[in-house]
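Residue numbering for the sequence shown follows full-length UniProt numbering, beginning at 1 and increasing consecutively.
C-beta: ideal position from N, C-alpha, C; glycine also.
Structure, as structure tokens:
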Amino acid sequence: MDVKERIVAELTAARDRSFGLTVEALEAPELTAQVSPLMSPLVWDLAHIGNYEEQWLLRAAAGAAAVRPDIDDIYDAFEHPRAERPSLPLLSPAESRAYVTTVRDRVLDSLEKVPLVGALAGDGFVYHMVIQHEHQHDETMLATHQLRRGAPALLDPPESGPVAGETLPAEVLVPGGSFLMGTSDDPWAYDNERPGHLVDVPSFHLDTTPVGNAAYAAFVEAGGYRDPRWWHPKGWEWRSRTGKEAPAFWYREGGQWMRRRLGRVEPVPMDEPVQHVCWYEADAYARWAGRRLPTEAEWEKAASWDPAAGRKRRLPWGDSGDSDAHANVGQRRHRPSPLGSYADGASAYGVRQLIGDVWEWTSTDFHGYPGFRSFPYKEYSEVFFGGEYKVLKGGSWATHPLAARPTFRNWDFPIRRQIFAGFRCARDA
Ligand code: AVJ
Ligand code: FE
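Structure follows, in structure tokens:
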């Protein structure tokens, strides 16, 4: 497949996914309702996806006429915070579907004529940006589904085969030395992944797998949420203010931990990575366990550096492949996979489940790399640089493989836990 054929196939697949999470999953009132002030109405996400595509692929890349310039403001994430979006004059679900389809039809017509050259479209970048953007919103829509109350709207996908974890050494040693962080040549990379630069990382130990529900439940049951010794001062303030005593969606019933998952209720599977914890909870667990969160550089080195070859791999297991044997990504399962799964997905250092399952909190604040240049717009990442956001790495079960790579950088406030986030621990060597 050449670059354009790939773009068409991926645009089409992303749209099937978006419709499956919106107009094919729920009826109109639920699509326009807001389930939480943290989230947009699902119909906002859908039309926003189309408006972003209109702005970047039709107007900017193809130089084509605008379809609905009158709605740019409504779907501008910076003009209207999520809490405000339900009160906007949004397109209805049917209008949204028609709008995104009109935009898409014109994009596909234009694609034949747009040469993939220049800063914006060279190597297909702006198309890759828009494809990833749609999948990122699809993951956000899954978080909305997770927060939603009521009967399940999404079917659990059929299991393609048994997924079983194996017991592994708890941690690996990553010997000190420099590695190439970020990238300067990946045609899918966002501005915040660039430029590639050498970083010296002293020796450290990293968990072979993310922290599991059993280990996390032990922290809860040891009174971890009631002991300020383990908590960052702001984390203790968060805990005291909210009264939280366990990960989001957990509750206790008859001496057992239960969880709500996409409208279903089930015992917490003790062999899965913990998810729906905020940075402060991850940080507190690590301190209780006598450990710490990894830095972003430590995480990325363990995920991508091949010490024998002295070069960076595009993915932990090599330069390509994202099959069921490598990682739990792309909503193939609606949950993380057991700890110790995916032998074929191990990194050069033997670390497992770096890609997929759960986003992993790191100790690093979100900043630009040395030599960072915002491209193609400041609001993708630059406006979020500073001390307010923590970096998450690796993607979750809900992250499309096109947005799950060791260089990819996600970020959120340290109090957020509706995202599919967990963590693993590290310690100095
Ligand atoms: C990278 C997930 C933090 O959802 O705010 C979507 C992705 N940027 N539309 C977000 C994004 C513009 C972004 N995160
Ligand atoms: Fe967006």
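Quick one: Cα of Asp138 to Cα of Ala151, how far?
20 Å
Assuming Leu262 and Gln146 form a contact by the criterion Cβ under 8 Å, report the distance between their Cβ atoms to the nearest whole angstrom.
Sure, about 6 Å apart at Cβ, within 8 Å.
Skipping 5 residues on each side, what residues in its chain have a beta carbon closer than 7 Å to that of Arg291?
Cys425, Ala426 and Arg427
Over what stretch of residues does the beta strand (DSSP E) that includes Gln256 continue unbroken?
Per DSSP, Gln256 is one residue of the beta strand (DSSP E) stretching across Gln256 to Arg261.
With Ala143 and Ile419 assumed to form a contact (beta carbons below 8 Å), what rounded beta-carbon distance in angstroms separates them?
6 Å
Ala303: CB within 8 Å of a non-hydrogen atom of the ligand AVJ:
Checking the Cβ of Ala303 against the ligand AVJ gives no.
Looking only at its chain, what residues have a beta carbon closer than 7 Å to the beta carbon of Asp283, apart from the 5 residues adjacent to it on each side?
Excluding positions up to five away in sequence, the list reads His232, Gly235 and Leu293.
Closest by C-alpha distance to Pro406, when choosing among Pro316, Pro376 and Ser363:
Pro316
Can you determine whether any heavy atom of the ligand FE sits closer than 8 Å to the C-beta of Ala77, and answer yes or no?
Set against 8 Å, the gap from the CB of Ala77 to the closest heavy atom of the ligand FE is smaller.
Rounded to the nearest angstrom, how far is the Cβ of Pro210 from that of Glu360, given a contact under 8 Å?
6 Å
Whole alpha helix (DSSP H) elements within the UniProt domain "DinB-like" (11-141), 4-residue minimum:
28-32, 42-53, 93-111 and 118-121
Cβ-based neighbour list, Gly182, same chain, cut-off 7 Å, excluding 5 preceding and 5 following
Glu193, Arg194, Pro195, Gly196, His197, Tyr369 and Thr407
Taking one C-beta from the region 368-386 and one from the region 236-245 each time, how about it: are there three or more such pairs within less than 8 Å?
no
Less than 8 Å between C-beta atoms, sequence neighbours within five positions excluded: which residues of the same chain meet that for Ala170?
Asp207 and Thr208
Rounded Cβ spacing between Val130 and Tyr75 (contact assumed at less than 8 Å)
Contact doesn't hold; Cβ gap of about 14 Å is too wide.
Using the three-state DSSP reduction, which class does Val274 fall into: helix, strand or coil?
coil
Excluding the 5 residues preceding and the 5 following Met1 in the sequence, name in chain order all residues of the same chain whose CB lies nearer than 8 Å to its CB.
Ala9
Considering only the alpha carbon of each residue, which of His128, Arg416 and Asn213 lies closest to Trp257?
For Trp257, the closest alpha carbon among the candidates His128, Arg416 and Asn213 is that of Asn213.
Starting from Trp411, trace the beta strand (DSSP E) both ways and give me its first and last residue.
Asn410 to Asp412
Buried or exposed: which applies to Val265, given that a residue is buried once 16 or more other Cβ atoms fall within 10 Å of its Cβ?
exposed
Do you know whose CA, among Arg311, Asn410 and Pro307, lies nearest residue 430's CA?
A query on residue 430 cannot be resolved here, the shown segment of the chain reaching from 1 to 429 and no further.
Please list, in chain order, all residues of the same chain as residue 430 whose beta carbon is under 6 Å from its beta carbon, the five residues on each side excluded.
The chain is shown only over 1 to 429; residue 430 falls outside these bounds and no answer can be derived.
Okay, do the region 391-410 and the region 334-341 touch, 3+ Cβ pairs below 8 Å being the bar?
yes
Would you kindly report the start and end of the unbroken beta strand (DSSP E) that includes Arg149?
Counted as a single uninterrupted DSSP element, the stretch harbouring Arg149 is not any beta strand (DSSP E), since DSSP gives it neither H nor E.
Considering only C-alpha positions, which residue in the set Arg352, Phe219, Tyr342 and Ser341 is nearest to Arg287?
Phe219
Length of the line joining the Cα atoms of Ala302 and Thr102
44 Å
Are the beta-carbon atoms of Met39 and Arg82 separated by less than 9 Å?
The answer is yes: Cβ separation under 9 Å.
Just curious, the beta strand (DSSP E) that Asp207 is in, first and last residue?
Phe204 to Asp207
Just tell me which of Trp250, Arg85, Tyr190 and Gly63 has its CA closest to the CA of Tyr380.
Tyr190
For a quick check, are the C-beta atoms of Ser184 and Val199 less than 9 Å apart?
no
What residues match up with Glu253 in a beta bridge as DSSP calls it?
DSSP output for Glu253 lists Gln256 as bridge partner(s).
Assuming the contact rule is C-beta atoms closer than 8 Å, Pro41 and Phe125 should be a hit. Round their C-beta distance to whole Å, please.
About 30 Å; that fails the 8 Å criterion.
Is the closest heavy atom of the ligand FE to the C-beta of Tyr52 under 8 Å?
Checking the Cβ of Tyr52 against the ligand FE gives yes.
With C-beta atoms as the reference, is Pro401 less than 9 Å away from Asp319?
no
Tell me whether Ser304 is buried or exposed, calling it buried when 16 or more other Cβ atoms sit within 10 Å of its Cβ.
buried
Proximity of Ala325 and Tyr349 at Cβ, strictly below 9 Å
no
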